[in-house]
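Q: Top to bottom, those sequences are chains U and G.
Under numbering that gives the first Met the number 0, residues 0 to 308 are what the first sequence spells out, in order.
Under numbering that gives the first Met the number 0, residues 0 to 308 are what the second sequence spells out, in order.
Each residue gets a CB set at the ideal place from its N, CA and C atoms; glycine is no exception.
Computed from a predicted model, the values in this text were never measured in an experiment.
There are 2 protein chains.
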Amino acid sequence: MKTKFKVEDGDIISKSFQTLQNNIINEFLKYEETDFHIDTWKRPEGGGGKTCVLSKGCTFDKVGVNFSDINGTSLPPAATSNRPELNGMKYRAMGVSVVTHPKNPFVPTVHLNVRFFMAFDENTEPLWWFGGGFDMTPFYPFLEDVVLWHESAQKICVLDKKNYYDDFKKQCDDYFYLKHRNEPRGVGGIFFDNLNNHKLADCHDFVIKVGECFYTTYSKILKKRKDLPYSEKHKSFQLFRRGRYVEFNLVYDRGTLFGLQSNGRTESILMSLPPSVNWIYNYPVEDGSEESVLYNDYLMAKDWLKEKN
Amino acid sequence: MKTKFKVEDGDIISKSFQTLQNNIINEFLKYEETDFHIDTWKRPEGGGGKTCVLSKGCTFDKVGVNFSDINGTSLPPAATSNRPELNGMKYRAMGVSVVTHPKNPFVPTVHLNVRFFMAFDENTEPLWWFGGGFDMTPFYPFLEDVVLWHESAQKICVLDKKNYYDDFKKQCDDYFYLKHRNEPRGVGGIFFDNLNNHKLADCHDFVIKVGECFYTTYSKILKKRKDLPYSEKHKSFQLFRRGRYVEFNLVYDRGTLFGLQSNGRTESILMSLPPSVNWIYNYPVEDGSEESVLYNDYLMAKDWLKEKN
Numbered sequence: 000m001k002t003k004f005k006v007e008d009g010d011i012i013s014k015s016f017q018t019l020q021n022n023i024i025n026e027f028l029k030y031e032e033t034d035f036h037i038d039t040w041k042r043p044e045g046g047g048g049k050t051c052v053l054s055k056g057c058t059f060d061k062v063g064v065n066f067s068d069i070n071g072t073s074l075p076p077a078a079t080s081n082r083p084e085l086n087g088m089k090y091r092a093m094g095v096s097v098v099t100h101p102k103n104p105f106v107p108t109v110h111l112n113v114r115f116f117m118a119f120d121e122n123t124e125p126l127w128w129f130g131g132g133f134d135m136t137p138f139y140p141f142l143e144d145v146v147l148w149h150e151s152a153q154k155i156c157v158l159d160k161k162n163y164y165d166d167f168k169k170q171c172d173d174y175f176y177l178k179h180r181n182e183p184r185g186v187g188g189i190f191f192d193n194l195n196n197h198k199l200a201d202c203h204d205f206v207i208k209v210g211e212c213f214y215t216t217y218s219k220i221l222k223k224r225k226d227l228p229y230s231e232k233h234k235s236f237q238l239f240r241r242g243r244y245v246e247f248n249l250v251y252d253r254g255t256l257f258g259l260q261s262n263g264r265t266e267s268i269l270m271s272l273p274p275s276v277n278w279i280y281n282y283p284v285e286d287g288s289e290e291s292v293l294y295n296d297y298l299m300a301k302d303w304l305k306e307k308n
Numbered sequence: 000m001k002t003k004f005k006v007e008d009g010d011i012i013s014k015s016f017q018t019l020q021n022n023i024i025n026e027f028l029k030y031e032e033t034d035f036h037i038d039t040w041k042r043p044e045g046g047g048g049k050t051c052v053l054s055k056g057c058t059f060d061k062v063g064v065n066f067s068d069i070n071g072t073s074l075p076p077a078a079t080s081n082r083p084e085l086n087g088m089k090y091r092a093m094g095v096s097v098v099t100h101p102k103n104p105f106v107p108t109v110h111l112n113v114r115f116f117m118a119f120d121e122n123t124e125p126l127w128w129f130g131g132g133f134d135m136t137p138f139y140p141f142l143e144d145v146v147l148w149h150e151s152a153q154k155i156c157v158l159d160k161k162n163y164y165d166d167f168k169k170q171c172d173d174y175f176y177l178k179h180r181n182e183p184r185g186v187g188g189i190f191f192d193n194l195n196n197h198k199l200a201d202c203h204d205f206v207i208k209v210g211e212c213f214y215t216t217y218s219k220i221l222k223k224r225k226d227l228p229y230s231e232k233h234k235s236f237q238l239f240r241r242g243r244y245v246e247f248n249l250v251y252d253r254g255t256l257f258g259l260q261s262n263g264r265t266e267s268i269l270m271s272l273p274p275s276v277n278w279i280y281n282y283p284v285e286d287g288s289e290e291s292v293l294y295n296d297y298l299m300a301k302d303w304l305k306e307k308n
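1. Since I believe G48(U) is in contact with D34(U) (beta carbons under 8 Å), could you give me their beta-carbon distance rounded to a whole number of angstroms?
2. List the residues of chain U whose Cβ lies closer than 9 Å to the Cβ of L111(G), in chain order.
3. Alpha carbon to alpha carbon, how far is E266(G) from L53(U)? Give it in angstroms, no decimals.
4. Cutting at 6 Å between CB atoms, please list the residues of its own chain near G258(G), excluding the five before and the five after it.
5. Taking only beta-carbon positions, decide if T265(G) is within less than 8 Å of chain U.
6. Excluding five sequence neighbours on each side, which residues of the same chain lie with their C-beta closer than 7 Å to the C-beta of V245(U)?
7. With contact counted as at least three CB pairs below 8 Å, one residue from each stretch, are the stretch 193–210 of chain G and the stretch 248–258 of chain G in contact?
8. Does N281(G) come within less than 8 Å of chain U when only Cβ atoms are used?
9. In the DSSP assignment, the alpha helix (DSSP H) including L142(U) goes from what residue to what residue?
10. Helix, strand or coil for S54(U)? Go by DSSP, reduced to three states.
11. Taking 7 Å as the limit between beta carbons, can you name the residues of its chain near H233(U), skipping five residues before and five after?
12. Pick helix, strand or coil for M299(G), following the three-state DSSP scheme.
13. Assuming P58(G) and P107(G) are in contact, meaning their beta carbons sit under 8 Å apart, how far apart are those beta carbons, in whole angstroms?
14. Is it buried or exposed for G287(G), if we count other Cβ within 10 angstroms and need 16 for buried?
15. Tell me whether the beta-carbon of H110(U) lies closer than 8 Å to the beta-carbon of W303(U).
16. Residues of chain G with CB closer than 9 Å to the CB of S54(U), please, in chain order.
17. In angstroms, rounded to a whole number, what distance separates the CA positions of Y176(U) and E143(G)?
18. Which residues of chain G have a Cβ atom closer than 8 Å to the Cβ of E246(U), listed in chain order?
19. Give the residues of chain G in contact with H233(U), contact being defined as C-beta atoms less than 8 Å apart.
20. Any beta carbon of chain G sitting closer than 8 Å to that of P273(U)?
21. Take M0(G) and list the residues in its own chain whose beta-carbon comes closer than 7 Å to its own, dropping the five residues that flank it on each side.
22. Would you list, in chain order, the members of the stretch 166–186 of chain U that have their beta-carbon closer than 7 Å to a beta-carbon of chain G?
23. In whole angstroms, what is the alpha-carbon distance linking F205(G) and D159(G)?
24. Looking only at its chain, what residues have a beta carbon closer than 6 Å to the beta carbon of Y174(G), apart from the 5 residues adjacent to it on each side?
25. Grouping DSSP H, G and I as helix and E and B as strand, with all else coil, what is T2(G)?
26. Measuring only between beta-carbons, confirm whether L259(G) sits less than 8 Å from chain U.
27. List the endpoints of the continuous beta strand (DSSP E) containing D10(U).
28. Can you say whether I11(U) is buried or exposed, counting buried as having 16 or more other CB atoms within 10 angstroms of its CB?
29. According to DSSP, simplified to helix, strand and coil, what is L272(G)?
30. Starting from I69(G), follow the beta strand (DSSP E) in both directions and report where the run begins and ends.
31. Kindly indicate if chain U contains any beta-carbon less than 8 Å away from that of V62(G).
32. Please list the partners that V157(G) has in chain U, where partner means a Cβ-to-Cβ separation under 9 Å.
33. Nearest-angstrom Cα distance between C202(U) and E121(U)?
34. Can you pull the chain U neighbours of V98(G), defined as C-beta to C-beta under 8 Å?
35. Given a cut-off of 8 Å, decide if M93(U) and S13(U) are closer than it, judged by their beta-carbon atoms.
36. Residues bridged to H100(G) by DSSP?
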């Protein structure tokens, strides 16, 4: 059952997404002396956004916290590939996207996206759905952090008393996977799309909870790991592994492709790319090295909640 | 009119591609103290290749000179998107690919690809075609180098007394274009595909000439520019601009997509990616700066032969 609503009802969700953006920025600023650079922009075809990026901080090499709320006359393919009936409909699409590139290689990179879509034409009721999720990409993982990440996700993955964690966790593992490397992007989290099988207000509450869970959990990990001492070798491995992040975002990520196809603001979309990256041919990872732990124990789909002991 | 031939006739072309690979390596080694790292590999589904990469040299931060000769039972989509009749045919595909990432920002990055495809099934004559080209991506361009590049291309772009330079130059400008940046990858060169409208032997001679023109011309530019003094600012601009190269290769390049889709050897395919890259949000390029010259005078389709004075 779809809730009836008007296009302007998107305004309420837009406001709450902007609040989420501010909350995330304020949380990150607790660990920073540098300020965010803020660009408010309009899109010629309709809508706009606020791009916030912090570079060369003491905790983050780069972190982007984006909000956008755009509309257009024809949904681009990246949004409709699984739902051809939406092809060419008018739309409003809004979302908050976060990617962190921490300085310290013991702090994982994390990503959040929450989004809300409306599609409509003259003849039909507006359609709406939410999507989003968060996932973690460690360089030198701590089991404790990975378990915390997934436990926190499990706790908030509730809609009408039904827990969606297993479902959304699997979707995350399936989605954040680099086929050409036979490698997951990291240790996952949760991911969902086309969420509209509950009341609009409940789905809305849920995605906001997803956003809040993301930054409060990450904040705990930051606090614990950001001042750990690290060597040049650790940093070099981090720069190398960031290459995988670029490969995923440019080859597979539907959000990135949607942005580029919808004539989005390229600098905002590609703000997710790391500040510095190294591609090293056949990077040597020795058996039993600190670096091998990531490959041997973490880069695989696992039931992380069972790993806790 | 297609020339009749057998699948094994590909062996002759394969040999000449391997000779080209060696010639390119020997030319580059004139400027290096470091050796190429060489990996000879087999592909489980059929065929193999030789990947040669030099890293952290005195002239090149990284340069890859790849040869591969693979075969399979079903042509992947990246090879057949314009020719649906080839879909699912058996194939043999071979090629030489080169990408240079010079240390000195006054030396341009250049790229070469020459390739030969055969597609066949039980019922039809084998089909064959060549493709390839070369293009240049300068950071701090010299008009003299760009004109030399295009003049050299024009001279060798001859098949049966017909000059194809204008045609192949336009194909290059069209192909090496980053839509999401509204920006060409560089100053172009030549690019062609589905070349089979002349005798096989003549097409073969032509693509070998393309390969030879590539490295002999680049060698002249290397000699002139590789020892020019440069500053940290120059280097930083080079690292930033290399990001565009990554964006093109991962989002648009059909060769890369063909490789990844045909279950190719990922380390060899992505060897084209730069050793180090920086993504900087809204990189400031000031009016009248050395960096602005690239944007204002070079990143646009131009008749370079007319720019000579």
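A: If we stick to the structure as given:
1. In fact, because the Cβ distance is near 19 Å, the residues do not count as touching under 8 Å.
2. Ordered by position in chain U, no residue passes the 9 Å Cβ test against L111(G), which lies about 18 Å from the chain.
3. Just so you know, the alpha carbons of L53(U) and E266(G) end up roughly 32 Å apart.
4. Taken in chain order, the residues that qualify are I268.
5. Taking Cβ atoms only, chain U reaches closer than 8 Å to T265(G), which makes this a yes.
6. Hits under 7 Å: L272, P273, V276.
7. Because the criterion of three Cβ pairs below 8 Å is not met, the stretch 193–210 of chain G and the stretch 248–258 of chain G do not touch.
8. Closer than 8 Å: yes.
9. Segment 142–155, the alpha helix (DSSP H) holding L142(U).
10. Note: S54(U) maps to strand in three-state DSSP.
11. So the qualifying residues of the chain are P104, Y139.
12. Three-state DSSP puts M299(G) in coil, outside helix and strand.
13. The sequence shown places Thr at residue 58(G), not Pro. Beta-carbon to beta-carbon, T58(G) and P107(G) are separated by about 13 Å, too far to satisfy the 8 Å threshold.
14. Exposed is the call here.
15. No Cβ-Cβ contact shorter than 8 Å links H110(U) with W303(U).
16. In chain order: I279, Y280.
17. One C-alpha to the other measures close to 46 Å.
18. The contacting residues are L249, L269.
19. Correct list: empty, because the minimum Cβ distance to chain G is about 17 Å.
20. Taking Cβ atoms only, chain G reaches closer than 8 Å to P273(U), which makes this a yes.
21. In this prediction, M0(G) has a pLDDT of 43, which is less than 50 and means its spatial position is unreliable; nothing more can be read from the coordinates.
22. The stretch 166–186 of chain U vs chain G, Cβ under 7 Å: H179, R180.
23. Roughly 10 Å between the two C-alpha positions.
24. The answer, listed in chain order, is F190.
25. Because the pLDDT at T2(G) is just 47, under 50, the model does not fix this residue reliably, and the value given afterwards should be weighed accordingly. Correct three-state label for T2(G): coil.
26. Yes, its Cβ sits closer than 8 Å to a Cβ of chain U.
27. Under the DSSP assignment, D10(U) falls outside any beta strand (DSSP E), being part of the alpha helix (DSSP H) whose first and last residues are 9–28.
28. The Cβ neighbour count for I11(U), taken over all protein chains shown within 10 Å, is under 16; the residue is labelled exposed.
29. Note: L272(G) maps to coil in three-state DSSP.
30. Annotation for I69(G): the continuous beta strand (DSSP E) segment containing it runs 59–71.
31. Judged by the 8 Å Cβ criterion, V62(G) is not in contact with chain U.
32. Under the 9 Å cutoff, chain U gives no residues; its nearest Cβ is about 37 Å from V157(G).
33. One C-alpha to the other measures close to 25 Å.
34. In chain order: nothing, as chain U lies at least about 11 Å away.
35. In this structure, S13(U) sits near M93(U), with a CB-CB distance shorter than 8 Å.
36. Answer is K61(G).
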